[in-house]
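Undergrad:
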Amino acid sequence: MRYSAPRGTSDILEPDIQVFNNIFNKSREIFNLFGFNEISTPIFEDSRLFIRSLGEVSEIVNKQMLNLATKENPLTLRPEGTAGIIRAFLEHHLDKEKGFAKLFYIGPMFRAERPQKGRLRQFTHIGAEAIGSIHPGLDAEILVLVTRLLNNLGVKGYTIILNSVGCEKDKAKLNSLLKKELEKKKSDLCEDCRDRLNRNVLRILDCKNESCRKLVQAINFENEFRCSDCNNHFQAVKNLIKQQQIDFQESSFLVRGLDYYTGTVFEVTHPDLGSQDAIGAGGRYNNLVSQLGGPELGAVGFALGVERLILALKSKQAQLPDNQLDVFLVVTSEDLFSQGLSILTNLRDCGIRSDIDYTNRSLKAQMRLANNLNVRFVLILGEEEAKNKFLSLKDMKVGTQEKFPLEQIVGKIKELLQRK
RNA sequence: GUGGGUGUAGCUCAGCUUGGAUAGAGCAUCAGAAUGUGGCUCUGAGGGCCGCGGGUUCAAAUCCCGUCACCCACCCCA
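Its first residue numbered 17, the first sequence is counted upward by one per residue in this note's numbering.
1. Mapping the DSSP letters down to three states, classify Phe139 as helix, strand or coil.
2. Going by DSSP in three states, Ile368 sits in which element: helix, strand or coil?
3. Select from Ser203, Lys114, Ile55 and Ala146 the residue whose C-alpha is nearest the C-alpha of Ala104.
4. What did DSSP end up calling Glu145 once you bin it into helix, strand or coil?
5. Just to confirm the assignment, what range does the alpha helix (DSSP H) spanning Gly298 have?
6. Going by DSSP, what residues sit across from Phe344 in a beta bridge?
7. Give the straight-line distance between the Cα atoms of Ile326 and Phe250, rounded to the nearest whole angstrom.
8. Using DSSP with H/G/I as helix, E/B as strand and the rest coil, what is Gly427?
9. Alpha carbon to alpha carbon, how far is Lys133 from Gln292? Give it in angstroms, no decimals.
10. Opposite Thr92 in the DSSP bridges: which residues?
11. In angstroms, rounded to a whole number, what distance separates the CA positions of Lys79 and Lys172?
12. Give a yes or no on whether the C-beta atoms belonging to Val347 and Phe393 are separated by under 8 Å.
13. Enumerated in chain order, which unbroken segments of the alpha helix (DSSP H) with a length of 4 residues or greater are wholly contained in the stretch 227–290?
14. Which residue's Cα is closest to the Cα of Arg68: Val271, Ala319, Tyr276 and Asn339?
15. Would you check if the distance between the CB atom of Ser74 and the CB atom of Leu91 is smaller than 8 Å?
16. Beta-carbon within less than 8 Å of Val284's beta-carbon, same chain only, minus the 5 sequence neighbours each way: which residues are those?
17. Would Thr140 and Pro124 qualify as a contact pair, given that the criterion is a beta-carbon distance under 8 Å?
18. Going straight from the alpha carbon of Lys195 to that of Ser203, what length do you get?
19. So for Val316, helix, strand or coil by DSSP?
20. Could you check where the alpha helix (DSSP H) with Gly100 kicks off and where it finishes?
21. Anyone know if the C-beta pair for Glu145 and Ala315 falls short of 8 Å?
22. Have a look at Lys410, Ile39 and Gly356 and flag the residue whose alpha-carbon is nearest the alpha-carbon of Gly170.
23. To the nearest angstrom, report how far apart Pro58 and Leu409 are at their CA atoms.
24. Report all residues from its chain with a CB closer than 8 Å to the CB of Leu389; omit the five preceding and five following residues, and keep chain order.
25. So Ile368 and Ile429 are in contact, right, with Cβ under 8 Å, and what is the actual spacing, rounded?
26. Can you give the Cα-Cα distance for Arg377 and Phe406, rounded to whole angstroms?
27. With a threshold of 16 other CB atoms inside 10 Å of the CB of Ala334, please say whether the residue is buried or exposed.
28. Using the beta-carbon count (16 or more within 10 Å), is Ala188 buried or exposed?
29. Just verifying my parser: in three-state terms, what is the DSSP assignment at Glu75?
30. Short of 6 Å in beta carbon distance, which residues of its chain neighbour Ile122, apart from the five on each side in sequence? Order them along the chain.
31. Which residues in the same chain have their Cβ closer than 8 Å to the Cβ of Asp27, if we skip the five residues on either side of it in sequence?
32. Shortest alpha-carbon distance to Gly273 belongs to which of Ala234, Asn216 and Ala328?
33. With distances taken from CA atoms, which of Cys366, Glu350 and Glu323 is nearest Ile13?
34. Taking DSSP's pairing of strands, which residues face Asp411 in a bridge?
35. Have a look at the DSSP bridge pairing and note the partners of Lys118.
36. Report the three-state DSSP secondary structure of Ala334 (helix, strand or coil).
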């Protein structure tokens, strides 16, 4: 039986993996600039952690969790990063130690969705959580950080959409307001939204259905539900990011699918992605830490979907690093192989990237292989070279070939490589 | 979970409408083209359960039924 990768997963080979690694490396640099420390948490957690954090009615908990078949506690492959980070934050008493932490993570997430463009069952998040403050400056910093990440990674043409869903009380108020208004027009709602009316009213706000949109737009809820604290906070965030010259669109229809969000929420969209157009999203969650058994601490976070981000990148090739071999060692007969291996090991010990053929090819075939590998130099070890203790060094770029005594080879190659 | 599309060589695809002989192309791979030597060019070679199972037929890559996989969209989300 031939096996294939599970649905919604993919193997990442060269050269694509270089694109990923580039993104990871650059992101780490930016996070460090902003004073964030990296954290790595398990890719599975107690299922109840996710149910508690994301909300029982959330789509993720309802139908997208990948649960592990174990005999002990219920375990689930993490569908997002925040819950695990907060769990770790509390488990290691970072709240008591410093009371404030800025953490970032990079790693795979899992959701059992039907795959399509920009939607995989295993996908990669780059995310961050700033825990321990309700200061609007922290919301602003997260938004600045997101723009700097995207800009440095080479993403162009993205849009930041910003909203505030208010605190827990405000959310409840908005909920009942919408429910009351929409209940009257229930028959005009789409099938899905009629269902949402009972389960998750807020989600009706971002229904794409025309008639639902109109109904929702007709309700004047924008300035009705937020308390003055939340309004002031939102206003402060907006003022701060405007001062930082960050472009954004305000939209009172933006809601997030996860329960834990309070106050500021945002989404980053890109037109090149197709239907799944969000490359990143985040917001404030002031109740999650206490909900998970910790103190009352405000927090803000975000996550970027790396695979989606790559879809939005224009020049993927330009980012490839130089990982080519410097030298290919051609050996003309099996008798010379052990001598060749010594030379090869010496080259590698001296920091020269080099390789040799293991498939008994002819000299000509080895040359062709060297060319396909795009090496800069070929070293030839043949009968004549072995007898007189020298090697032939061919510069594949220029096409010239010279002989050098064995002991001079490393120095010569290094000299030529530096000259470029 | 619901729709639509696509499965033919390692890769990208043609052939299917209207059934017919050894199933094709480009790229890739391998070998050769006097002098132990790559790139360009030329010559040649290998490589196919035509996704899988069934049916119709003298005959199926081609028509019919089923099934699986992938892609796209709904939904949801990063």
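Yeah, the Cβ is synthetic: ideal placement off N, Cα and C, and Gly gets one too.
TA: Working from what's here:
1. strand
2. Taken through DSSP and simplified to helix, strand or coil, Ile368 comes out as coil.
3. Ile55
4. strand
5. Where Gly298 is concerned, there is no enclosing alpha helix (DSSP H), although the beta strand (DSSP E) it sits in stretches over Ala294 to Arg300.
6. Asp371 and Val394
7. 31 Å
8. In the structure shown, the three-state DSSP call for Gly427 is helix.
9. Straight-line measurement puts the Cα of Lys133 at about 7 Å from the Cα of Gln292.
10. Listed as beta-bridge partners of Thr92 by DSSP are Glu61 and Asn83.
11. 34 Å
12. no
13. 244–259
14. Tyr276
15. no
16. Val162, Leu166, Tyr174, Thr175, Ile176, Ile177, Ala294, Ile295, Gly296, Ala297 and Leu320
17. yes
18. Approximately 13 Å, taken between the alpha carbons.
19. strand
20. Thr98 to Glu107
21. Yes. Within cutoff.
22. The candidate whose alpha carbon is nearest that of Gly170 is Ile39.
23. Rounded to whole angstroms, the separation of the alpha carbons of Leu409 and Pro58 is 50 Å.
24. Gln340, Leu341, Phe344 and Asp371
25. About 6 Å separates the two Cβ atoms, so the contact holds.
26. 22 Å
27. Only weak support exists for where Ala334 lies, its pLDDT of 49 falling under 50; the value from the coordinates is given anyway. Classification for Ala334: exposed.
28. exposed
29. helix
30. Phe40 and Ile142
31. Ala21
32. Asn216
33. There is simply no residue 13 to check, as the chain begins at 17 and stops at 436 in what is shown.
34. Phe393
35. Ala146
36. Any reading at Ala334 needs caution, since the residue's pLDDT is 49, under 50, leaving its predicted position unreliable; the model's value is listed next. Of the three classes helix, strand and coil, the one that applies to Ala334 here is helix, per DSSP.
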